[in-house]
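In the working numbering, the protein residues as written are 1 to 808.
Read through the structure below, which is laid out as structure tokens, and then see the notes.
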Amino acid sequence: MNPSQIEIKIKPGEVIAFLESINDQDEIINIKFKNEFNENDQNNISQYKPIYSCQTNLLIDHEFLKGINLEKSILSIQSKEKLKEIICKYKHVFTEKSDYKGSIKHDINLEPGKGPIASRQYRVPMTMKEEIKKQVEQMLKDGIIEHSNSQFASPVVLVKKKDGSMRFAIDYRKLNSITIKQVYHLPLINEIREEVSGKKIFTSFDFKSGFHQLPMNPEHKERTAFSCWMGLFQFIKVPFGLCGAPSTFMRAMNELKKYISSSFLIYIDDVILSSNNEIDHLIDIEQFLSVISNFGMRLKLDKCEFGLSEIKYLGFFISEKGIRPDPKDLESIDKINPPTNLKELRAFLGAVNYFRRFIPECAKILGPLYELTKENNFKSSKDWNEEEWEAFKLIKNKLKTPPVLAPPNPKESYIIETDASIKGIGAVLIQNKHPVAYFSRTLKDTEKRYHINELEALAIEQALKEFSIYILGTGTTIIKTDNSPICAILTRKDLTGRLARFQLAIQSYDIKIIHRSGKSNQFADYLSRHVNVVTRSKARANYISSSESEDENYNNTNKSSINTKISLNKIINLQKMCPELLKIISALKGYFPQNKKIKEQLEENIKNYSLINGALHYIDTNGTARLVIPYIMRENILKIMHSDPGTGGHLGVSKTIEKMKLRFYWENMREDIKQYIKTCDSCQRVKDEFHPKHEELFPIKKPNLPFEHIHIDIIGPIVTSNKGSKYILSMIDSFSKYLICCPLKEQKATIIVKVIIDKLITKYGVPKFITSDQGRNFTSQVMKDISKIFGFEQIFTTLMAKSNVQIE
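Below, the structure is given as structure tokens:
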């Protein structure tokens, strides 16, 4: 039966109940719970009928129950009484000697060729000999150890516990060094959060000397031998200190878990039960104790905590609201002094890294400190610059108030907000307006050269990969990005290179990408909202003083001419003299006006600007950084770009706008260009409304691979050969200059197509481009059809022979 009001799904092979015979006189106890009914409606009462019946004539051992600590428990009074009955029923689980009935045994498999290891005893103070004697005799009595004649021997060490007592341990370091390591899965933080998602009540159990409850493989017992002043002994049960012991205990726990249907978290000997309500929780506790009893294992009552609303587990606090770090651990990080050597810096980063899921933009913040860990980059904190000190201080402040990560709900959809910058990429997974998980990482050296659009696509692809365990099967996930061009990445068909690869990876997820302004981002990017002045990672700034790459389609002669006529330093100075531009420059440096409304407008406005080499740039939707021209220099720029004989050429409105958009920006630039050209004296004199319009000519792009671009032409007619051929179809690879010549009897299009397929495509693959002149045999319909079938693009040259110089 299902006594709760919540739907329970039963998996195949899951244990749903245990049967136990009862006497006719026994009565099933019904308990009413305060938290199961509304205080305004006393009649709405839920009843609890346990799976395992507790007998009404069960004697309550009040002396034994003094070991239970229920001060922090949120269970109702009735539930606490019922809990005491359950514990009394399974009193033997807490008091009697363990008698393990499972199938797990611990093996110590040695590396091939490695023999017995025997170490000398450590000298022990006289005051400690009595303690060793006491613990050895107790372990002999409990059947944990036995006398040995082994060739192995490891020394005894005594370790002081927090309560002042001594822990008996063996120094197995030499034995562990020749032991084949056991690998077993330990739970991840994400798995813990998924397991406890939506749970309200928690109980933790602690095993009594957990390792000592599991048996050793009889054939490997001699390898555990230890020596002391009392003689040589070996372990019958698993000792502490063996490298594979935690994995063995985890296997034992998972064997036990098969018979427990409740939410059950295990990390070595720490066990957490979590439930949705008091009824289910009592059922879960009783079921767990029953299974423990059947396996012959034992618990330590004074270390068990029952019915808590929040519980500490693996350094984190778990509750209905989610998971948060232990403040004590964060305080210890806050007290760490600035590192003076590389080892200290790595230790600090390692400590922070454990909590990185709770820190938005963690990788970006730590970027300057990660750079110091690279080869020959380290410097002591005494020599840090402002950026490195800012990273160290900021990450400590972030850790002081980390957010609580909400438990994921697989029945509801998610939102992912992503962002990219020159310091890294980051994302936050959101459900019901609350963060579920954070992700961030620094960029690899190759990724630092990506265009901004590629970086934004990388952020989306990596976020989907990181959060896939949450979003798969939950419906459409909304991706929010502040990069508007990337919103079309799923629909565009003309993508190449990295963007095409990212598109392929992203398309496997059920997502919808939408644009959101930086202002609406609840988890705003630290880099774009604070003092860091570079707001667009790897935006290709067209510096006045630098040369452009050859694929930008610029003329090098014209560029150098422009650069000699415009001073970048002069533009920087004039930008600061312009009041409107000075506000933006100051805001990018972190200086905002007191007026709240003006400050909000500036915060939104500066998102499209960046300071690069001291000059203010505008970043357009293509990710290109364009130099912002102050008012006083605009006419001079227009004169250089339109009227100057060396750099202008008196181009029309459209071409001048396109030319200017590659390098410069100011508000209403398009209208100013139109007005300038309308009043250009030279343009008005030679203006002819009937000039035919010509397409702009572009240089042929260099191929990146062999047989990517092929140039073809017909030679002939020439002297007829013995086989009747009087034409030659020549084909040359633009990349390698590899030449293919094929004799032809006729130069018909059908014959040319057949030769291209047989001699080029079948041997070397389909090229991307085939360039030819505008002969009928190349412009024919059959040639067009074959280009569609194979997917290559035809390029036709002008009537000048030099246009296809590769083959001519």
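No residue lacks a Cβ here, since even glycine has one placed at the ideal position from N, Cα and C.
Among the options, nearest to residue i - alpha-carbon criterion
{"i": "Asn385", "options": "Pro368, Phe207, Pro435", "result": "Pro368"}
{"i": "Ser381", "options": "Pro339, Thr418, Ser413", "result": "Pro339"}
{"i": "Asp270", "options": "Leu504, Gly241, Ser682, Ala252", "result": "Ala252"}
{"i": "Arg120", "options": "Ile612, Ser165, Trp229", "result": "Trp229"}
{"i": "Lys423", "options": "Lys101, Glu388, Asp773, Leu602", "result": "Glu388"}
{"i": "Tyr509", "options": "Gln794, Asn341, Glu466, Phe358", "result": "Glu466"}
{"i": "Leu342", "options": "Gly322, Ser319, Asn376, Ala391", "result": "Asn376"}
{"i": "Ser165", "options": "Met139, Ile132, Ile786", "result": "Ile132"}
{"i": "Leu273", "options": "Arg298, Ser309, Lys596", "result": "Ser309"}
{"i": "Cys487", "options": "Glu456, Ser421, Arg298", "result": "Glu456"}
{"i": "Pro743", "options": "Thr750, Val755, Lys737", "result": "Val755"}
{"i": "Phe249", "options": "Ser261, Ile260, Ser204, Met297", "result": "Met297"}
{"i": "Met783", "options": "Lys763, Thr798, Tyr764, Gln747", "result": "Gln747"}
{"i": "Glu305", "options": "Pro325, Phe202, Gly244", "result": "Phe202"}
{"i": "Lys97", "options": "Leu581, Leu299, Ile104", "result": "Leu299"}
{"i": "Glu320", "options": "Ile786, Leu651, Pro408, Lys723", "result": "Pro408"}
Within 7 angstroms, strictly: CB atoms of residue i and residue j
{"i": "Met731", "j": "Ile740", "result": "yes"}
{"i": "Ala118", "j": "Ala153", "result": "yes"}
{"i": "Leu638", "j": "Tyr676", "result": "yes"}
{"i": "Lys480", "j": "Glu412", "result": "no"}
{"i": "Glu222", "j": "Ser177", "result": "no"}
{"i": "Ile336", "j": "Phe348", "result": "yes"}
{"i": "Tyr842", "j": "Thr477", "result": "With the chain covering only 1 through 808, there is no way to say anything about residue 842."}
{"i": "Leu314", "j": "Tyr267", "result": "yes"}
{"i": "Phe264", "j": "Lys258", "result": "no"}
{"i": "Ile285", "j": "Val196", "result": "no"}
{"i": "Ile144", "j": "Lys237", "result": "yes"}
{"i": "Gly102", "j": "Glu219", "result": "no"}
{"i": "Ser734", "j": "Pro706", "result": "no"}
{"i": "Ser725", "j": "Lys701", "result": "no"}
{"i": "Ile74", "j": "Gly307", "result": "yes"}
{"i": "Ile323", "j": "Leu405", "result": "yes"}
{"i": "Met660", "j": "Leu574", "result": "no"}
{"i": "Ile571", "j": "Gly614", "result": "no"}
Same chain, Cβ closer than 7 angstroms to residue i, five either side skipped, listed in chain order
{"i": "Pro112", "result": "none"}
{"i": "Gln234", "result": "Ile145, Glu146, Ser148, Ser150, Lys221, Glu222, Thr224, Ala225"}
{"i": "Lys788", "result": "none"}
{"i": "Ile751", "result": "Leu744"}
{"i": "Phe809", "result": "Residue 809 falls outside the range modelled here, since the chain spans only 1 to 808, and no answer is possible."}
Close beta carbons around residue i, own chain, < 8 angstroms, minus the five adjacent residues each side
{"i": "Glu461", "result": "Phe502, Ala505, Ile506"}
{"i": "Tyr609", "result": "Thr535, Ile584, Leu588, Leu616, His617, Tyr618, Ile619, Val628"}
Delimiting residues of the alpha helix (DSSP H) encompassing residue i
{"i": "Cys741", "result": "Not the alpha helix (DSSP H): Cys741 falls in the beta strand (DSSP E), residues 739-744."}
{"i": "Leu760", "result": "Note, Leu760: premise wrong, no alpha helix (DSSP H); not H, not E."}
{"i": "Cys362", "result": "362-372"}
{"i": "His281", "result": "278-295"}
{"i": "Ser468", "result": "468-471"}
{"i": "Gln794", "result": "Careful: Gln794 lies outside any alpha helix (DSSP H), inside the beta strand (DSSP E) at 793-796."}
{"i": "Thr224", "result": "That residue, Thr224, is in no alpha helix (DSSP H); it is neither H nor E in DSSP."}
{"i": "Ala587", "result": "579-588"}
{"i": "Ser654", "result": "653-661"}
{"i": "Ile272", "result": "Run containing Ile272: none in the alpha helix (DSSP H); it sits in the beta strand (DSSP E), 270-275."}
{"i": "Arg670", "result": "669-678"}
Residues of its chain near residue i, where Cβ-Cβ distance is below 6 angstroms and the 5 sequence neighbours each way are ignored
{"i": "Lys398", "result": "Ile359"}
{"i": "Asp334", "result": "Lys396"}
{"i": "Thr557", "result": "The predicted model places Thr557 with a pLDDT of 41, which falls under 50 and marks its position as unreliable; any figure quoted below should be read in that light. Here the set comprises nothing."}
{"i": "Gly241", "result": "Ala169, Ile170, Tyr172"}
{"i": "Leu394", "result": "Ile365"}
{"i": "Ser293", "result": "Tyr90, Val93"}
Residue span of the beta strand (DSSP E) that contains residue i, given as start and end
{"i": "Phe502", "result": "First-last for Phe502: 497-506, but that is the alpha helix (DSSP H), not the beta strand (DSSP E)."}
{"i": "Met250", "result": "No beta strand (DSSP E) holds Met250; the alpha helix (DSSP H) holding it covers 245-257."}
{"i": "Gln431", "result": "424-431"}
{"i": "Asp713", "result": "709-715"}
Proximity test, Cβ basis, 7 angstroms: residue i and chain B
{"i": "Ile359", "result": "Of the chains in the structure shown, none is chain B; there is only one protein chain."}
Open item on the list: Below 8 angstroms, how does it come out for the region 772-780 and the region 711-730: are there three or more Cβ pairs, yes or no?
Closed with: Under the Cβ criterion (8 angstroms, minimum of three pairs), the region 772-780 counts as touching the region 711-730.
Open item on the list: Any contact between the region 284-291 and the region 84-94? By contact I mean 3 or more CB pairs, one from each, below 8 angstroms.
Closed with: yes
- [ ] Give a yes or no on contact between the region 650-666 and the region 613-628, applying the rule of three or more CB pairs nearer than 8 angstroms.
- [x] yes
- [ ] Indicate whether the contact test is met: 3 or more Cβ pairs, each with one atom in the region 274-282 and one in the region 208-217, closer than 8 angstroms.
- [x] At 8 angstroms Cβ cutoff, the stretches do not touch.
TODO: Inspect the CB distances between the region 788-799 and the region 757-771 and report whether three or more fall short of 8 angstroms.
DONE: A contact between stretches requires three or more CB pairs, one per stretch, nearer than 8 angstroms, and the region 788-799 meets this requirement with the region 757-771.
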